[in-house]
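So the sequences go chain by chain: A and B. Going by our numbering, the letters in the first sequence line up with residues 573 to 896, in that order. Going by our numbering, the letters in the second sequence line up with residues 784 to 1239, in that order. Worksheet: the structure to be examined is printed underneath.
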Amino acid sequence: MPHTEVETMSQSTAVRPVRRRPALAAGRPARGRRNRMQATGWPWILPAVVLVVGLVYYGIGYTGYISTLDWDGVSPTPEHVGAANYAHLLKDPVFWLAVRHTVVFFVVTFAVQTVIGFVFAALMHSTVRLRALYKVVVFMPVVLAPATMAPVFRQFFGVDGQLNWMLRHVGLDSLAQPWLAQSSTALPVIMAITVWQWTGITFILYYAAMSQIEPEILEAARIDGAGNVRSLWSIVWPMCRGTTAAMAMLGVIGALKTFDVPYLVTIGGPNYATEFLGTLIYRVSIPQTHVGYGAALSVTLLVLALAGAIATALRSRKGGRSDV
Amino acid sequence: MSRSSMTRRRRVAAVALSALVATALAACSSGGGSAASNDSATSGDITWWGWTPDIGVAQGYIAAFNKEYPDIKVTFKQLTIDGYNAALRPAIASSDGPDVYNVSAGSANGGVDVYGSGAIDLAPAVEKSLGADWKDKLAPSGITGLSVKDKLVGLSAGSVYSGTVWINKDIFDKLGLEPPTTFDEWKTDCAAIEASGTTCFVQGAGQPAFDMDTFEAIAENVEPGLYVDASQGKAKYTDAKLVKAFTLWKQLFDDKIMQEGALGVQQYPDANNLFMSQKAAMVMMGTWYTQYTRPDAMTSAISAAGVADPKPFTMAPIAFPDMAGTGNVGAMYGDADYGLAVSARSDAKNAATTFALWLGTSKAGQQAVADSLNDIPALKGVQPAWDSIDLVNPEAQKSLLEDMITNAEKSTAPRFATISADMNTAIGSALTSIAEGTATPEEAAATLQTTAESLR
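Here it is in C-alpha cells:
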C-alpha cells in the first residue's frame, strides 16, 4: 500500500476528537457510579432476561430433551431413545442431501450477492442519474414477504411462465424448460430467488460501509495513480472487510435456516432437490410426526449455525490481523 | 414522594413484571389442566377447527344445526391444509384449543393415530343416539378409519373417494371429442385438445398425495386390490403387476398425457386453478369436486382461480381410462373426508358432542352434508336432494353424478387409511423418482419394498 495512504489514515484518526462521558469530565469516581448502575439496573433488565431465558434458552433446552425421545408430539407416553435420533440422522441420506444443498446455497448466494451488492454500492457512490430510484428498486425485494412472492415465482418459472416466454421471444427456445420440475434446475431457481430478495441488504450494508471511508484516502489513492478498479480492489474492498465478514456470518446462519422460499415454491422437491434442513425439520416433525427426530435435526442445525458463525468470525479476525 | 421511595416502587414494579412474565411462560408451558364435563348438551359456545369444509359450507351446516339447537353457538375456524397439523398439535394440548376438531384416517391431515389421543371416545354417545346397531347404520370407512383400538375418535361427516377424472365437457363438446375410455383414446383426445391451444390433462405432481391417487387408479386398473394389499403387507411392491403399474405411471409422462413440468406444479392451487380457469380440459380429482357442479360454488372457484369474469362451465366425472387394457375400470377408493373429534380438554364437551352427533348421525345434518355435494354422507340411505340442488348443466351432469356417488358408496378400498405418514412419503418419493427418470420402476419398487419392511 502506498505510504501516503497510511499517513492519511493515521492523520485522520489522530485529529478525531475523543468523546468523554460528562461524569468523567467532572471528575466523579467512575467505578462507584458503575457499581451503582449495576445495582439499580438489574431490576430493569430482569423482565427481558426472564423472557429471553424463559422463551429462548428454555426452548433450546426443551428441544434438546425432546431430541432424546421417540414421540409424535401429542402422545402422553413418549419413549426415551437416548441418542438414537442422532444416530439415525447420520445415516439419513436426505439429511446429508440437505446439508449439501445448504453448503452450495451459501457459497453461491453469498458470492453472487456480495459481488452484485458491492458493485452496485460503488456505483451508487458515483455520480449516477436517478440514484434514489435505483436504490429503491434494489432494496424493494427485501421488504416483500416471501409468501407474497412465492406464487409470482411459481408462475414466472413455470413451463408457460414469463421466463420461458421471454426466452422463446428472443430466439432461445432451446433454453426454455420446466425450471421447477427438474432436480437440475430447481435449486438454482431457489438460489436466484434468494439473490433477488436479499441483494438489497448486501447493497445497503456495503453502501453504508463505503460512506464511512474517508474521502482523503481515496483522494490519496488517485494522486498515487490508482484508477477506479484499482481503488475499489485495493482500498474500498479491504476497508469493507468487517461488512463482508458480518454478511458471511449472517449468510451461514441464513443458509442453515432456509425454509420459506423452498417450502413455498417447490415444497422441497422435486425428489428432495431443494430440501434444506429447515424444510426437512418441518416435514419430519409435522406431516411425518417424528417430533423427536425433528428435534434432533433442530439441535444439529443449531450446532452447525453456531459452528459456522464462530468459524466465519475467527476467519475474519484472522484476516483482519494479517492485514495489519 | 422521596426519590428513594420512587426507586423502590419502580424496582418492585419491575420485579412484579418479571414474575408476571415468568408466570405467563409457566402457564404457556403447562398448557392448563383437564376441563370439567358437566356442561349443558343444549347450550354453550363451541369452536370447531378444520381444513374443510369451505367456510360457506360450514356456515350452512351451522345454520341448519341452530334451527334445532339455537342455544349452541358454533364458531368455525378454517385452517389451511398444510398448516392444520402444525396448528392443531399445541391447540389440543391446551384447554384454550378447539372444542371440536377435524380428524381423518391414516396419513391424511389430522390423522387419528396421532391426534386421537386428545379426543374423547364418541362410541357411547353414538350408541345412545342411533341404538346398539349403530355400526350398521354408518359407512364402515368412517368407523374403522376413525377408530383407534375400539375408541371412536371422530364421527365421520362424510367420505371422499378418488379414482375419477374430471373433464371440462364444454371443451370436449366444442372439439367434438368423446371422453377417453382407453389409453389410446386418451392420447388421441389429448393431441386434439393440445392442438386447440388448451392443456389436455393437468396434475399437480409436485404434491405426492395426488400422485398416489393417480397411481392407485392405475394399480386398480392393472390388478384390483393389489396396491391396498401391498400397503397392508399382504403383497409386495415388487410384484410384477405393481411394477407394471409403475411403468404405466411413467408412461403418462413419456406419452405427454401429463402436462410438461408436472413435477413443478402443485394440485392446489396450480392444477385446480388451471382447470377452473378452463386452461386445462382434464384433472384428476375425487368426489370432493362435486361441489363445483353447483353454479355458486363454481363461480367462486373460478373467481379464486384469477378469472375476472367467472362463468360456470359443465364439468363431469369420468372413470379413469383403461390404461392397462384389462377392463378393470371404474374403481373408486376413499376414506372418511373428516371426522369430528371432541377435545378431551374442552369445557363444553356435551355441547360439542351434540354438534358432532348432529352433523355425523342425524338425518338433518347428513342431508345438509349430502346437499353440499362436498362429501358422500356417512349415514346410510341419505342421498342429495337433487330436485332442490341447482346444477350448472343438470341434463349433462345429474346422471353422471348419481352414478359416481352410487359407485363410490359400493367401494370398500381405502385411499390413505392403510398408509402411514412414512409410507406416504416413501410412495411419493418413488413416484417422483420414476417420473423424473432418476429411478426405474423396478428400482423404485425395490426401494419402496425395503422401506415398507423396515417400517413394520
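Note that CB positions come from ideal geometry on N, CA and C, so glycine has one too.
Asked: Interface residues of chain A around B/V897 at Cβ under 7 Å?; Found: D644, V646, T861
Asked: What did DSSP end up calling B/L958 once you bin it into helix, strand or coil?; Found: coil
Asked: Where does B/F859 sit, in a helix, a strand or coil, going by DSSP?; Found: strand
Asked: Strictly below 7 Å CB to CB, what residues from chain A border B/E1043?; Found: V731, P750
Asked: Identify whether B/E977 lies in helix, strand or coil by the three-state DSSP scheme.; Found: helix
Asked: What separation, rounded to the nearest whole angstrom, lies between the Cα atoms of B/A1229 and A/S870?; Found: 31 Å
Asked: Thinking C-beta only, is B/I1159 closer than 7 Å to B/V1008?; Found: Per the sequence presented here, residue 1008 of chain B reads as Gly, with Val not at that position. No, these two residues do not count as a Cβ contact at 7 Å.
Asked: Are A/M712 and A/Y779 closer than 7 Å when you measure CB to CB?; Found: no
Asked: Within 8 Å, do at least three Cβ pairs link the region 1053-1068 of chain B to the region 906-926 of chain B?; Found: no
Asked: Kindly list, in the order they appear in chain B, the residues whose Cβ is closer than 8 Å to that of A/S755.; Found: E1219, T1221
Asked: For the pair the region 814-821 of chain A and the region 679-686 of chain A, tell me if three or more CB-CB distances fall below 8 Å.; Found: yes
Asked: With DSSP collapsed to three states, give me the class of A/D642.; Found: strand
Asked: Using the beta-carbon of each residue, which ones in chain B are nearer than 7 Å to A/N843?; Found: S1212, T1215, S1216, E1219, T1221
Asked: Would you kindly work out how many angstroms separate the C-alpha atoms of B/T947 and B/A975, rounded to a whole number?; Found: 21 Å
Asked: In chain order, which continuous runs of the beta strand (DSSP E) of length 3 or greater are located wholly inside the region 1041-1094 of chain B?; Found: 1063-1067
Asked: Just the Cα atoms here: how many angstroms apart are A/W751 and B/Q990?; Found: 16 Å
Asked: How is A/E651 classed by DSSP in three states: helix, strand or coil?; Found: strand
Asked: Can you give me the start and stop residues for the alpha helix (DSSP H) that B/M1115 sits inside?; Found: Counting along the chain, B/M1115 falls outside any alpha helix (DSSP H), and DSSP gives it neither H nor E.
Asked: What are the start and end residues of each continuous beta strand (DSSP E) run of 3 or more residues lying completely inside the region 886-974 of chain B, in chain order?; Found: 938-945, 947-951
Asked: Kindly list, in the order they appear in chain B, the residues whose Cβ is closer than 8 Å to that of A/R672.; Found: Neighbours of A/R672 on chain B: none; closest Cβ ~16 Å, over 8 Å.
Asked: Does DSSP put B/A1218 in a helix, a strand or coil?; Found: helix
Asked: Chain B partners of A/R794, CB-CB under 9 Å?; Found: Result: empty, since nearest Cβ-Cβ is about 51 Å, beyond 9 Å.
Asked: By the criterion of Cβ-Cβ separation under 7 Å, what are the contact partners of B/R872 in chain E?; Found: No chain E is present in this structure, whose protein chains are A and B.
Asked: I'd like to know if A/I858 contacts chain B, where contact means its C-beta is closer than 7 Å to some C-beta of that chain.; Found: yes
Asked: Does the separation of the CB atoms of B/G748 and B/G937 fall below 7 Å?; Found: What the structure shows of chain B is the stretch from 784 to 1239, and residue 748 of chain B is not part of that stretch, so it cannot be assessed.
Asked: Residues of chain A with CB closer than 8 Å to the CB of B/N868, please, in chain order.; Found: I858, P859, T861
Asked: Taking 8 Å as the threshold, find out whether the region 800-814 of chain A comes into contact with the region 740-750 of chain A through three or more Cβ pairs.; Found: no
Asked: In this structure, how does DSSP classify A/Y844 when only helix, strand and coil are distinguished?; Found: coil
Asked: Looking only at C-alpha atoms, which of B/S1129, B/D1154, B/I1101 sits nearest to B/T965?; Found: B/I1101
Asked: Suppose contacts are defined by Cβ-Cβ distances below 7 Å. Is B/Y1116 in contact with B/E999 by that definition?; Found: yes
Asked: Below 7 Å between beta carbons: does that hold for A/L876 and A/L804?; Found: no
Asked: Excluding the 5 residues flanking A/V587 on each side, which residues of the same chain have their C-beta closer than 6 Å to its C-beta?; Found: Reliability fails at A/V587, whose pLDDT of 37 lies under 50, so the model's placement of it is uncertain and no value is given.
Asked: At which residues does the alpha helix (DSSP H) containing B/M1106 begin and terminate?; Found: No alpha helix (DSSP H) contains B/M1106, which DSSP labels as neither H nor E.
Asked: Can you give me, in chain order, the residues of the region 774-792 of chain A that have a beta carbon less than 9 Å from any beta carbon in chain B?; Found: none
Asked: Below 7 Å between beta carbons: does that hold for A/G864 and A/W668?; Found: no
Asked: Can you find at least 3 beta carbon pairs, one from the region 846-856 of chain B and one from the region 1170-1183 of chain B, that sit closer than 8 Å?; Found: no
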